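In our numbering, the protein residues as written are 100 to 220.
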């Protein structure tokens with residue numbers, strides 16, 4: 100699979116994540132059958148245009164943490180705000196990191212076929 104195809108599969112899979120739910124970069128990578136490419140999932144989402152219909156905010160780290168976009172950026176705050184607008188409770192840790200509870204808001208279908216089936220409900 101070339102990079103453009105990988106990115107498109109990532110975007111199509113991220114579009115399946117229901118509003119009010121989150122999943123991890125690693126889980127998206129596993130669903131597109133590239134389980135060792137979670138960082139590439141992050142890169143694909145980073146390259147999205149601002150007007151994209153891909154709900155990038157629904158993808159967080161494997162611990163439920165919202166990843167920093169680097170020093171001096173407001174990307175983590177924008178992601179937290181976007182999730183809260185969807186009804187996801189975002190907690191702030193003692194060190195000021197944003198985090199989502201997977202037990203409450205996690206979306207982890209075991210296969211892409213089952214993820215696609217969720218959309219038919």
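For glycine and all other residues, C-beta sits at the position ideal for the given N, C-alpha and C.
Owing to the predicted nature of the structure, the values given are computational and were not obtained by experimental measurement.
- In the three-state reduction of the DSSP assignment, residue 207 falls in the coil class, being assigned neither a helical nor a strand state.
- The shortest C-alpha to C-alpha distance from residue 117 to any of 132, 197, 153 and 195 is the one to 153.
- Within the DSSP secondary-structure output, residue 192 pairs in no beta bridge.
- Relative to residue 149, the option among 125, 167, 181 and 132 whose CA is nearest is 181.
- At a Cβ-Cβ threshold of 8 Å, residue 122 and residue 206 count as neighbours.
- The C-alpha of residue 212 is placed about 27 Å away from the C-alpha of residue 164.
- Residue state for residue 131 is assigned as coil, using DSSP reduced to three classes.
- Going by C-alpha positions, residue 147 is about 21 Å away from residue 134.
- For residue 140, there is no enclosing beta strand (DSSP E); the enclosing alpha helix (DSSP H) covers residues 137-145.
- Residue 204 places its beta carbon less than 8 Å from that of residue 120.
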